[in-house]
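Student: Just passing along the structure, written as structure tokens.
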Amino acid sequence: MTRLNGQRMDANVLVLGTDNVGKSALIVRFLTRRFIGEYGDIESLYTHNVVVDGREQTLNIWDAPYSQDLSSESLMYEKRVQWADGFVLVYSICDRASFNMVSRLIQIIKTNKDILGFEKMPIVIVGNKRDLHHRRTVLSEEGRLLALSADCQFYEVSAAENYHSVLMVFHGLVDRIRESRVSVKKLAGIKGIVKSMSAVFARRRTDSL
Ligand code: GDP
Ligand code: MG
Numbered sequence: 000m001t002r003l004n005g006q007r008m009d010a011n012v013l014v015l016g017t018d019n020v021g022k023s024a025l026i027v028r029f030l031t032r033r034f035i036g037e038y039g040d041i042e043s044l045y046t047h048n049v050v051v052d053g054r055e056q057t058l059n060i061w062d063a064p065y066s067q068d069l070s071s072e073s074l075m076y077e078k079r080v081q082w083a084d085g086f087v088l089v090y091s092i093c094d095r096a097s098f099n100m101v102s103r104l105i106q107i108i109k110t111n112k113d114i115l116g117f118e119k120m121p122i123v124i125v126g127n128k129r130d131l132h133h134r135r136t137v138l139s140e141e142g143r144l145l146a147l148s149a150d151c152q153f154y155e156v157s158a159a160e161n162y163h164s165v166l167m168v169f170h171g172l173v174d175r176i177r178e179s180r181v182s183v184k185k186l187a188g189i190k191g192i193v194k195s196m197s198a199v200f201a202r203r204r205t206d207s208l
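Here it is, written out as structure tokens:
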């Protein structure tokens, strides 16, 4: 959920994708600027402060291990998705199955999250392991097209070789979360107007009885 701590905004970020695509590598690179190679499978929640466009932002980042069976784990997904304000969906450019999973994850997010009123989805799709281009099985254009059709942002990165592109992923997501908050506020405003108008009409009807 969105919270305001003084001037600082808090945002919850959920990182999802199949096993071995580099979710942990991406997060650790963002937090420490380092690539350490092996990460294990521990589920972790990190808190990190960043400054984006001159404004401080606290990110709570959840490194969620992948679960094979989406149907039996649907409740777990539901809760996580509801917790999150923004999503990083990671695949490996050398692993087509991991790319196919991204479309399913987008569907899971859309069914579990009230995204009505979002002008832009607070979702960034990341094609990782760009350094392994000789083993590429997913074209950049495919990632870009998927992001375009689902109204998400897209980056191709190498957590192993490049810090800057990883930074762009999280900054891009912060921008999108901020934009989605603005549009949700706008929608809440419209809902408020509709409510008060219908209250007026309801009163008129009872008055005339
Ligand atoms: P996770 O299961 O999605 O969290 O994946 P990990 O972060 O544990 O990474 C899985 C494996 O891929 C590890 O051996 C990493 O060293 C490797 N890896 C992660 N990112 C990259 C990358 O950008 N390039 C290359 N070549 N290997 C990577
Ligand atoms: Mg991991």
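Under numbering that gives the first Met the number 0, the residues of the sequence shown are numbered 0 to 208, in order. Ideal Cβ placement from N, Cα and C applies to all residues, glycine included. Owing to the predicted nature of the structure, the values given are computational and were not obtained by experimental measurement.
#1: May I have the straight-line CA-CA distance separating residue 146 from residue 98, to the nearest angstrom?
#2: Is any heavy atom in ligand 1 found nearer than 6 Å to the beta carbon of residue 21?
#3: Which ranges would you report for the beta strand (DSSP E) in the region 16-87 if only whole runs of at least 3 residues count?
#4: Should residue 36 be listed as close to ligand 1, given that the test is whether its C-beta is under 6 Å from any heavy atom?
#5: For residue 10, does the three-state DSSP call read helix, strand or coil?
#6: With a Cβ-Cβ cutoff of 7 Å, do residue 160 and residue 130 count as a contact?
#7: Do residue 78 and ligand 1 come close, with the Cβ less than 6 Å from some heavy atom?
#8: How long is the line joining the alpha carbons of residue 5 and residue 133, rounded to whole angstroms?
#9: Taking the alpha-carbon positions, what's the residue 170 to residue 88 distance?
#10: Which runs of the beta strand (DSSP E) spanning at least 3 residues fall entirely within the region 113-190, listed in chain order?
#11: Which stretch, first to last residue, makes up the alpha helix (DSSP H) that contains residue 107?
#12: Would you please state the rounded distance, in angstroms, between the beta carbons of residue 80 and residue 25? I believe it to be under 8 Å.
#13: Report yes if the C-beta of residue 146 is less than 6 Å from at least one heavy atom of ligand 1; otherwise report no.
#14: Between residue 131 and ligand 1, is there a pair consisting of the residue's CB and a ligand heavy atom that are separated by less than 6 Å?
#15: Report buried or exposed for residue 110, applying the criterion of at least 16 other Cβ atoms within 10 angstroms of its Cβ.
#16: Just the C-alpha distance for residue 188 and residue 102, rounded to the nearest angstrom, thanks.
Tutor: Taking the definition as stated:
#1: 12 Å
#2: yes
#3: As far as the region 16-87 is concerned, its whole beta strand (DSSP E) runs of at least 3 residues are 43-51 and 54-62.
#4: At least one heavy atom of ligand 1 is nearer than 6 Å to the Cβ of residue 36, so yes.
#5: strand
#6: yes
#7: no
#8: Summary for residue 5: the model assigns pLDDT 48, below 50, so the residue's position carries little reliability, and this model does not support an answer.
#9: 15 Å
#10: 122-127 and 152-155
#11: 95-111
#12: Actually they do not touch by this definition, with Cβ atoms about 19 Å apart.
#13: no
#14: Yes - ligand 1 has a heavy atom lying nearer than 6 Å to the Cβ of residue 131.
#15: exposed
#16: 32 Å
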